[in-house]
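Residue numbers (my numbering): 74 to 494. Ideal Cβ placement from N, Cα and C applies to all residues, glycine included.
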Amino acid sequence: MGQIIGIDLGTCYSAVASIDETGRPQIVRNGQGQNITASCVDTGTSPITVGEDPYREWGLNPTVAARFKLQMGSTKPFHPEKGDPQFKPSQGSYTPTDLSSIVLSHLKNFTEKNGRNISEAVVTVPANWGNEAREATMSAAKQAGLPVKVIINEPTAAALYYAFKEGLENGNYAVFDLGGGTFDISIVKISGTDVEVLGSSGIQRLGGDDFDKALRHKIREKCKNEHGTEIPEDSDEVTKLEAEGVKKTLSNREEASAKVGRLRIVVTRQEFESLIADKLAQLKMLCEGVMDDLNLKPADLAAPILVGGSTRIPCVRNLVQKVFKKDPIATANVDEVVALGAAIYAARHADKKNLTPLQAEAISKVKIVERTGKFLGTFSMRRNENRGGDRELVNSIIIRKGEKLPAKGSRSFFTAWEGQT
74 MGQIIGIDLG TCYSAVASID ETGRPQIVRN GQGQNITASC VDTGTSPITV
124 GEDPYREWGL NPTVAARFKL QMGSTKPFHP EKGDPQFKPS QGSYTPTDLS
174 SIVLSHLKNF TEKNGRNISE AVVTVPANWG NEAREATMSA AKQAGLPVKV
224 IINEPTAAAL YYAFKEGLEN GNYAVFDLGG GTFDISIVKI SGTDVEVLGS
274 SGIQRLGGDD FDKALRHKIR EKCKNEHGTE IPEDSDEVTK LEAEGVKKTL
324 SNREEASAKV GRLRIVVTRQ EFESLIADKL AQLKMLCEGV MDDLNLKPAD
374 LAAPILVGGS TRIPCVRNLV QKVFKKDPIA TANVDEVVAL GAAIYAARHA
424 DKKNLTPLQA EAISKVKIVE RTGKFLGTFS MRRNENRGGD RELVNSIIIR
474 KGEKLPAKGS RSFFTAWEGQ T
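Below is the structure:
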């Protein structure tokens, strides 16, 4: 039988998990023995390389691309966003879908080297993504040769892992998923191994990478103010890796040092928390917003669940505790639980002939109820009587946000002009 896998295709890091012979999810390590793989591509090597080596070159070598997940759904060649290192491929051009397919192909290759061919696969996506980005993810998976039938929202996959593996008490949980580039908050109802999504919210461009950018700016500022050395914003003297190292150190210590040339720049945890205060305020607002939408209070929740590498940051954990008024639940592998849950979901949707008896028994009671994360509809034209009957385009909602999936709806429309084609 082939392998059944789940893939967390992350902005900064990706992970793969498989279902073992007994039906339990386990992380698949890459060729370097690591549990997670940098979502970074160097188009200038032959063959193209993916992972930690390109990541070390990001910002130093223009043939390296990263953070392309944030532009999934765009059919234009990938162009980095403001503040990110430039990307100039050695030849041709690459769309975000192309680059994602290269990462997925790399994950597929080392997974199959570790075992059998892949028979079933699921790839995760942010809960707040629209249809274009979801379809682009499916397209990238197909380009990579992965047998993907369905996708699953990242916080839902994490909730499924906790329900399946951790044996949580029945109740409502807030899945707080903060990774490198995106944020999702989902309220889920867990009953045994049943997971029902009650509501979700999120933002596409908020995560650990934004914290790194803020630190790079602060380090350049300190170079100027404390040492009289001005470093241009596009300079590679303050690298992404240096800033990320400072951030990680500040999760365990009150201060951290960055080396910039011969200079030693010290950043305190208090300074870092001030730098990202506006981002923390956004997180708080989104959490409170989804609770208000569902008419829930913190007392209605069993606990918040932490997902994503950026939830290791102390001020993020403190924020979660203050918003939900309960200590958060977290495993040591907060950046692996999405892939683990996706593997369970892949087994749940697998062809029964691809399951061993123990696998089939393990996932037989798993049930997931998803909901739409956005209002779905189409543009239509109507007359605005307040403007003399002028026609205007409006968004005609067909399926409302929060409807259980699968969902369907219909509305009747007619042409604006007689004989219109």
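* Buried versus exposed, by CB contacts within 10 Å (16 or more), residue 196 -> buried
Notebook entry, point to check: Since residue 345 is in the alpha helix (DSSP H), which residue starts that stretch and which ends it?
Noted result: 342 to 348
Given a cut-off of 8 angstroms, decide if residue 263 and residue 247 are closer than it, judged by their beta-carbon atoms. no
- Query: With 16 as the cutoff for other CB atoms within 10 Å, does residue 372 come out buried or exposed?
  - Reply: exposed
Compare the Cα-Cα distances from residue 441 to each of 417, 127 and 307 and report the closest residue. 417
_Does residue 145 come out as helix, strand or coil in the three-state DSSP assignment?_
coil
### Query
Between which two residues does the alpha helix (DSSP H) containing residue 282 stretch?
281 to 300
Roughly how far, in whole angstroms, is the beta-carbon of residue 410 from the beta-carbon of residue 380, given that I think they are within contact range, below 8 angstroms?
6 angstroms
Secondary structure, alpha helix (DSSP H): runs of 4+ residues fully inside the segment 216 to 263: 227 to 234
Exercise. Per DSSP, which residues does residue 320 bridge with? Please list them.
Key: For residue 320, which the question treats as bridged, DSSP gives no partner whatsoever.
- Message: I'd like to know if the segment 171 to 180 and the segment 139 to 146 are in contact, where contact means that at least 3 CB-CB pairs between them fall below 8 angstroms.
- Response: yes
Could you tell me which uninterrupted beta strand (DSSP E) segments, each at least 3 residues in length, are contained entirely in the segment 88 to 113, listed from first to last along the chain? 98 to 100
By the 10 Å Cβ neighbour count, where 16 or more other Cβ atoms means buried, how is residue 512 classified, buried or exposed?
With the chain represented from 74 up to 494, any question about residue 512 goes unanswered, as that position is not in the structure.
query: Is DSSP giving residue 458 helix, strand or coil here?
result: helix
Problem set entry | Beta-bridge pairing of residue 451 - partner residues as DSSP gives them | 469
Let's see if you can read the secondary structure: which residues bound the alpha helix (DSSP H) around residue 181?
169 to 187
Consult DSSP for residue 122 and reduce its assignment to one of helix, strand or coil. strand
Pairing CB atoms from the segment 297 to 305 with CB atoms from the segment 267 to 275, are three or more of them under 8 angstroms?
no
**Asked** Exposed or buried, which one is residue 452 when buried takes at least 16 other CB atoms within 10 Å?
**Response** exposed
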